[in-house]
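Residue numbers (our numbering): 3 to 376.
1. When the Cα atoms are used, what is the spatial distance from residue 232 to residue 75?
2. So residue 255 is in the alpha helix (DSSP H); what residue range does that whole segment cover?
3. Please report the straight-line C-alpha distance between residue 132 and residue 220, rounded to a whole angstrom.
4. Is the beta carbon of residue 77 less than 8 Å from the beta carbon of residue 69?
5. Of all the options 86, 80, 42 and 118, which has the alpha carbon lying nearest to the alpha carbon of residue 33?
6. Among all the DSSP beta bridges, which residues are the ones paired with residue 30?
7. Is residue 72 closer than 8 Å to residue 47 when the C-beta atoms are compared?
8. I'd like to check one pair, residue 376 with residue 164: are the Cβ atoms closer than 8 Å?
9. Pick out the complete beta strand (DSSP E) segments inside the region 41-129, 3 residues or longer, and give them in chain order.
10. Between residue 43 and residue 59, is the Cβ-Cβ spacing less than 8 Å?
11. DSSP on residue 281, reduced to helix/strand/coil?
12. Is it buried or exposed for residue 117, if we count other Cβ within 10 angstroms and need 16 for buried?
13. Where does residue 193 sit, in a helix, a strand or coil, going by DSSP?
14. Measuring CA to CA, which of 194, 173, 200 and 225 is closest to residue 211?
15. By a C-beta neighbour count over all protein chains shown, 10 Å radius and 16 as the cutoff for buried, is residue 67 buried or exposed?
16. Looking at the unbroken alpha helix (DSSP H) that takes in residue 375, where does it start and where does it end?
17. Kindly identify the DSSP beta-bridge partner or partners of residue 305.
18. Could you round the C-beta distance between residue 380 and residue 182 to whole angstroms and report it? I think they count as a contact, below 8 Å.
19. Determine the DSSP secondary structure at residue 242, reduced to helix, strand or coil.
20. Excluding the five sequence neighbours on either side, which residues of its own chain have a C-beta within less than 6 Å of the C-beta of residue 247, listed in chain order?
21. Please confirm whether residue 192 and residue 273 have their CB atoms less than 8 Å apart.
22. Report buried or exposed for residue 123, applying the criterion of at least 16 other Cβ atoms within 10 angstroms of its Cβ.
23. Identify every residue that forms a DSSP beta bridge with residue 291.
24. For residue 274, does the three-state DSSP call read helix, strand or coil?
25. Tell whether a beta-carbon distance below 8 Å holds between residue 89 and residue 113.
26. Kindly indicate which residue of 374, 355 and 323 has the alpha-carbon position closest to the one of residue 230.
27. Spell out the partners DSSP gives residue 38 in its beta bridges.
28. Is it buried or exposed for residue 284, if we count other Cβ within 10 angstroms and need 16 for buried?
29. Taking only the alpha-carbon atoms, compute the straight-line gap between residue 101 and residue 61 and give it to the nearest angstrom.
30. Any idea what DSSP makes of residue 328, helix, strand or coil?
31. For residue 337, which of helix, strand or coil comes out of DSSP?
32. Do you know offhand how far residue 340's Cα is from residue 316's?
33. Starting from residue 25 and walking both ways along the alpha helix (DSSP H), at which residues does that stretch end?
34. Please return the same chain residues whose Cβ sits closer than 8 Å to the Cβ of residue 359, not counting the five positions on each side in sequence.
35. For residue 228, does the three-state DSSP call read helix, strand or coil?
36. Taking DSSP as the reference, what is the three-state secondary structure of residue 208?
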């Protein structure tokens with residue numbers, strides 16, 4: 003048996019126990035106190051498993067970030083993990099049923115985070131060679147689009163040879179992610195002129211009507227062949243039924259496959275003009291994450307992971323997905339980035355969020371083998 007896979011199978015129970023410890027520490031993105039407590043558990047785990055505590059990078063509004071450097075070398079490999087979740091305190095609980103473990107953030111992405119720690123531990127314990135320094139970032143607000151950590155990620159990524167992301171693989175296929183869509187978000191507010199709906203309807207200018215025309219125009223920009231979706235997911239406006247509305251707003255989510263398309267849609271939305279005489283509009287927001295486009299370098303990186311997988315009986319494929327991650331940021335910098343290297347399971351952002359326990363050794367061994375091969 004492959005020595006790394008054997009090591010992970012021998013330590014599977016400990017690996018799962020470490021995941022339990024981190025998952026049971028709730029860490030909603032917008033709750034700094036709880037997220038920092040989870041960060042402390044991660045720091046304790048790093049000290050226990052790797053013999054060193056991470057550098058704490060303080061934040062005021064969000065949880066503190068963590069940074070660990072492992073090994074030596076002039077070249078660097080960046081590992082990206084986040085430990086915030088979409089779940090409020092006590093909304094979900096950790097539990098094990100057969101070969102499945104459930105809990106808040108267990109798949110997205112605390113399971114993958116712990117797997118990566120164990121990959122480093124295995125490399126150290128088995129005295130395997132690393133010729134590059136590992137820079138491991140643990141961030142606290144990825145689920146709200148990394149508003150502050152993006153600058154930390156970009157700074158640490160500068161000059162790195164590779165970036166590896168411990169988000170989960172594709173549900174069902176277990177494929178790694180070599181491309182992700184970019185995203186943008188906007189709030190568009192409409193103002194009109196109120197009037198009595200019965201006596202003076204002709205004197206009004208309906209903000210709701212203007213917003214409705216905007217919804218139709220924007221959603222028509224969706225082009226499935228290009229991989230572009232424009233979704234109006236929020237609509238608010240008006241109040242009393244007998245008053246022509248003078249206020250309305252819509253929230254818009256955009257997903258695209260290429261930087262050129264993202265820039266085109268961004269310019270189109272920011273250049274919107276009133277859709278109805280007597281109304282005005284303002285646009286707030288912009289690009290959240292650039293696309294993670296598949297490149298020849300990314301393809302070669304995937305091939306290395308695929309070869310490592312074959313050594314442990316894991317047949318890997320690659321896919322492009324619609325959601326974004328912090329890997330979008332490093333890929334946009336031209337750094338070969340491979341995503342989906344985390345725990346195998348299903349239920350991302352769903353109440354049945356789960357990982358498959360028997361898959362933990364293979365996925366952890368894969369990560370370790372990829373680091374060594376790089």
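For glycine and all other residues, C-beta sits at the position ideal for the given N, C-alpha and C.
Checking against the coordinates, here is how it stands:
1. Pairing residue 232 with residue 75, the inter-Cα distance amounts to about 44 Å.
2. Looking at the DSSP string, residue 255 is not in any alpha helix (DSSP H); the run it does join, the beta strand (DSSP E), is 249-258.
3. Each residue's Cα considered, the two are about 50 Å apart.
4. Taking 8 Å as the Cβ cut-off, residue 77 and residue 69 do not qualify as a contacting pair.
5. Checked all of 86, 80, 42 and 118; the closest Cα to residue 33 is 86.
6. 87.
7. Not a contact, by the Cβ cut-off of 8 Å.
8. Contact: yes.
9. Fully enclosed beta strand (DSSP E) runs of 3 or longer: 57-59, 67-72, 78-84, 97-99 and 102-104.
10. For residue 43 and residue 59, no; Cβs fall outside 8 Å.
11. DSSP, reduced to helix, strand and coil, places residue 281 outside both helices and strands of the structure shown, so it counts as coil.
12. The Cβ neighbour count for residue 117, taken over all protein chains shown within 10 Å, is at least 16; the residue is labelled buried.
13. Residue state, collapsed to three classes: strand.
14. The candidate whose alpha carbon is nearest that of residue 211 is 194.
15. When all chains shown are included, residue 67 counts as buried.
16. Element bounds for residue 375: 362-375.
17. Residue 305 has no beta-bridge partner at all, per DSSP.
18. With the chain represented from 3 up to 376, any question about residue 380 goes unanswered, as that position is not in the structure.
19. For residue 242, the three-state secondary structure derived from DSSP is coil.
20. Same-chain partners within the cutoff: 208, 209, 210, 239 and 240.
21. Not in contact: residue 192 and residue 273 (Cβ atoms no closer than 8 Å).
22. So residue 123 ends up on the buried side.
23. As computed with DSSP, residue 291 is found in a beta bridge with 185.
24. Coil, per DSSP.
25. Taking 8 Å as the Cβ cut-off, residue 89 and residue 113 do not qualify as a contacting pair.
26. Taking only the C-alpha atoms, the option nearest residue 230 is 323.
27. According to DSSP, which records beta bridges pairwise, residue 38 is partnered with nothing at all.
28. Exposed, by the Cβ-count rule.
29. Between the C-alpha atoms of residue 101 and residue 61 there is a straight-line separation of about 38 Å.
30. Here residue 328 carries a coil assignment [DSSP, helix/strand/coil].
31. Correct three-state label for residue 337: coil.
32. Cα-Cα distance, rounded: 17 Å.
33. Per DSSP, residue 25 belongs to the alpha helix (DSSP H) from 14-25.
34. These residues qualify, in order along the chain: 14, 18, 98, 101, 102 and 103.
35. Residue 228 falls in the coil class under three-state DSSP.
36. Coil, per DSSP.
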